[in-house]
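Chains as they are written, first to last, in the numbering used here: chain V, 2 to 331; chain U, 532 to 852; chain W, 5 to 356.
Right, dumping it as structure tokens:
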């Protein structure tokens, strides 16, 4: 099955203290239609920046230096600005973490969804309004007709996020980028929103790139997982494979540190040290300074993926099969 | 919301009362009617002359209320008259102050209304433009220019403007005023131009900051992700949010439309309310000064109340809470 | 009448030798204390160092003005005739002594050898770099003396207005209740009177000495900062660590001194700089209206009303004063901008 969204070698830099520092290094992954890839990592690992880079929304003064983003065969990086604007919202949509601030506070929620529709389709205002109300109903907003005129501050966090989802899916995009969509919500609401996303995905076969740091969320929605560390992808694979038998030492450390895994009375196992800031990432394998299996050679090793069936790992000590055409650089 | 408006008005009345009290203390206690009289008739005048002057100008009653004269004193008189807009006569030449104010209002408005409109349009226009190009050379150059423009005292603008544009280039008349509609723009053009230019620096700095802050907010990022272009974002999203603090700033300046600009009117010989104050200074005319400060304060208070109310109307977060 | 008397004696005090010398001592003392304090405080040292790095030229210029003002403040009795014609038994400053004996009869152009209008030779040909004014005083001398006046108007007034505003604002914001009601009412009343009108009224009533102008300027300008301080204090009061301190039994005074005040200092610094600017500008306006401070640049500029309409025009007086005030304000505004950027609480505190 050829992938819907294929990202290869994405590198994004920011100027820090005069130099161009990469915050994303050679990021590559694929998302299939109707499936969900969870991009997992700590704060600062580059997860959000990956999504922003895909949509070419990297805030100034940062920029995407290299890489291709293939959407059904078309490279988004090569598009002109007006062409890219047509892609945003219509073919690739993005939802953000904080529903509180993601919506314009002085415009009604209905009008904001209508704006999304009218930006890409030539329909009448009434038609757009009707579609919006229907979308509200579909995402589970009670009394959708009345809620059209509501202002963001009048809605709860969960309702606001439903509005955001409605807005994102209004034009039936083929790819949805979801940046920590449930992090700011209560746990019970979280489950509802994830359930909603699952339903919508099943309905329209949307490919979802789910960005999160929460393994609980991963478990509920993801089909595949990609683990990020210091701007690089260090491991990819199916959800079961990665969660049950993590290969990369970092992934192993992450899962070991989860409270659910520990035995009662045991000390929680943490990974010593901290993830480096983009400007302080060491050469070679970025995880080497903290890795329990590190060798001296790791600091000189340019990370490359080893392939094991459907899994890829970027670790010197996991050379299960040589680098091949499906591997590529990490 | 009605309760809020009522409360706001009530507090405004309280402040008016406070202003009147302050003015009374300042103009009657700190400097007594005797002092005022002496400034008019001379320091060495005989007590009899001073009493005569005080009687002629209505200052010959006790200052504070006392047991046997609870209402026949200057304090009660001051309050009663100011609140009924019985502004009395000028200390200098006995002309009724109210008449002078009526005569001076029109010229002042003719100066300040164009100043206000042009100033607002140009500030918002320039700051929108600069916000669009934020972080670029245009933006940095403008920020520096703003600070530069802000560092020049209004005096220098007037002197330099008059010198360059009137004396050297002879584009405008130096001063004077004629309310014949055919020629009035000629006399007003230079002062309006100078006024707009001198306030451009600080206005643009403030508006630009507001715009740029809004542009960095999350909802703008959402709009971009929807596929909206920069122009639409500015027009539809940023402007609506930014106009709220800008509106506050703008409504506050409306009262000044009436009081006129003292410097400009004095420098350009425009017979408005500003000139009235300047004349009062030169003639030691305390009663006119008192009336003008009261009037100015009243308008200011009205402006503040209007601002607060407009805020509740314009911002849905406040309106619907 | 008592007010008048106090203000009258206040004026000669502000222009006298004891005051000037006292100010110099105070400035050095303050600088020493600030240096000692900043050395111990990492955040402030970094912040101020950053401002200095970005605005080296402006800081240097400001320092020059301060030096000139201090030079004009150090004075003692004794010496020859002063440059502006005052006799030897009055105190003369360093600046006075440097320029003593340079008075001509009337106007002369910069570096001229003869009087401007009647062409008689000058006592000091080619010595007046910026010419002389209507009283024959060297314009460079008057400009240099103006620095002291400007710093007095801007600096001294701010130094008095801001601490007072801080005191009232903190009290109102922290204690709330009756104290807040009173302070808020006073603030509202004063703030309701248009600044320039109130200023004029105060000066008309209090007199036109340097001291009364400073008092008037102070009264009209403390409200803004007081409002700011009150608002910030109210926000700080709600913070968790203040509640924790109260729960531990820490006294109000200690909380104010140790928790609230340090978090207001960045506002103090920025407001001080901005206030300085607006005060100097305000005084210039007053000078035009004829009620400014004697010897200020505003007064020199106001003389241009007459000078620029002569034929040929006398341009050096207003140009010298105009450039002097412009450069000072530009430097102060630039420093203020940099301060505002560097001291932004988002960069000072744990920003996101």
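Just so you know, even glycine gets a beta-carbon here, dropped at the ideal spot from N, CA and C. None of these values were measured; they are calculated from a predicted model.
Practice item. Indicate whether at least one CB of chain V lies closer than 9 Å to the CB of residue 753 of chain U. Key: yes
Check your understanding: Considering residue 204 of chain V, what are the terminal residues of the alpha helix (DSSP H) in which it resides?
Key -> 188-205
Check your understanding: Which residues, in chain order, does the stretch 771-785 of chain U contribute to contact with chain V at a C-beta distance below 7 Å?
Key -> 771, 772
Check your understanding: residue 509 of chain U and residue 308 of chain W: beta carbons closer than 9 Å?
Key -> Shown here, chain U extends from 532 to 852; a query on residue 509 of chain U therefore has no answer.
**Study point:** Closer than 9 Å to chain W by CB, residue 828 of chain U
**Key:** yes
**Study point:** Close beta carbons around residue 326 of chain W, own chain, < 7 Å, minus the five adjacent residues each side
**Key:** 305
Exercise for review: Please check if any C-beta of chain U sits within less than 9 Å of the C-beta of residue 102 of chain V.
Suggested key: yes
Check your understanding: Is the CB of residue 750 of chain U under 9 Å away from at least one CB in chain W?
Key -> no
**Study point:** Simplified DSSP state of residue 300 of chain V, which is helix, strand or coil
**Key:** helix
**Study point:** At least three beta-carbon pairs within less than 8 Å, the stretch 572-588 of chain U to the stretch 227-242 of chain W
**Key:** no
Check your understanding: Which first and last residues belong to the alpha helix (DSSP H) in which residue 230 of chain V is found?
Key -> Element bounds for residue 230 of chain V: not the alpha helix (DSSP H) but the beta strand (DSSP E), 225-230.
Review point. Per DSSP, what kind of secondary structure is residue 89 of chain V in: helix, strand or coil?
Key: strand
Check your understanding: Are any of the Cβ atoms in chain U nearer than 9 Å to that of residue 87 of chain V?
Key -> yes
Practice item. Please list the partners that residue 90 of chain V has in chain U, where partner means a Cβ-to-Cβ separation under 7 Å. Key: 756, 757, 758
Check your understanding: Thinking just about the alpha-carbon of each residue, which of V:117, V:17, V:296, V:103 is nearest to the one in residue 747 of chain U?
Key -> V:103
Check your understanding: What in chain W is Cβ-close to residue 832 of chain U, meaning under 8 Å?
Key -> 196
Check your understanding: Hey, is residue 305 of chain W's beta-carbon within less than 9 Å of any beta-carbon in chain B?
Key -> Reference to chain B is not applicable here, since the protein chains of this structure are V, U and W.
Point to revise | Inside the stretch 616-676 of chain U only - alpha helix (DSSP H) runs reaching at least 4 residues | key: 628-663
Review point. Measuring CB to CB, does residue 90 of chain V end up less than 9 Å from residue 174 of chain V?
Key: yes
Review point. Given residue 344 of chain W, which residues of its chain have a CB within under 7 Å of its CB, disregarding the five upstream and five downstream residues?
Key: 274
Exercise for review: State the start and end residues of the unbroken beta strand (DSSP E) segment that holds residue 164 of chain W.
Suggested key: No beta strand (DSSP E) contains residue 164 of chain W, which is instead part of the alpha helix (DSSP H) from 161-179.
Point to revise | Minimum C-alpha distance to residue 688 of chain U - residue among U:665, U:666, U:708, U:732 | key: U:732
Check your understanding: When the cut-off is 9 Å and only beta carbons count, does residue 334 of chain W lie next to chain U?
Key -> yes
Practice item. Taking C-beta pairs closer than 7 Å, name the residues in chain U that residue 155 of chain V reaches, listed in chain order. Key: 851
Point to revise | Cut-off 6 Å between Cβ atoms - residues of its own chain near residue 822 of chain U, not counting five sequence neighbours on either side | key: 618, 628
Point to revise | Interface residues of the stretch 33-59 of chain V facing chain U [CB-CB below 9 Å] | key: 53, 56, 58
Practice item. Report the three-state DSSP secondary structure of residue 835 of chain U (helix, strand or coil). Key: helix
Practice item. Please say whether residue 281 of chain W and residue 681 of chain U have beta carbons closer to each other than 9 Å? Key: yes
Practice item. Return the residue from the list U:798, U:749, U:543, U:694 that minimises the CA-CA distance to residue 315 of chain W. Key: U:694
Review point. With a cut-off of 9 Å, does the C-beta of residue 122 of chain V fall near any C-beta of chain U?
Key: no
Check your understanding: Taking DSSP as the reference, what is the three-state secondary structure of residue 778 of chain U?
Key -> helix
Review point. CB residue 639 of chain U to CB residue 816 of chain U, shorter than 9 Å?
Key: no
Exercise for review: Compute the distance between the beta-carbons of residue 846 of chain U and residue 775 of chain U, then report whether it is under 9 Å.
Suggested key: yes
Check your understanding: With 16 as the cutoff for other CB atoms within 10 Å, does residue 131 of chain V come out buried or exposed?
Key -> exposed
Exercise for review: Within the same chain, show all residues whose beta-carbon is closer than 6 Å to that of residue 155 of chain W, passing over the 5 residues directly before and after it, in chain order.
Suggested key: 73
Exercise for review: Under 7 Å Cβ to Cβ from residue 738 of chain U, same chain only, skipping five residues before and after it: list those, please.
Suggested key: 654, 655, 658, 777
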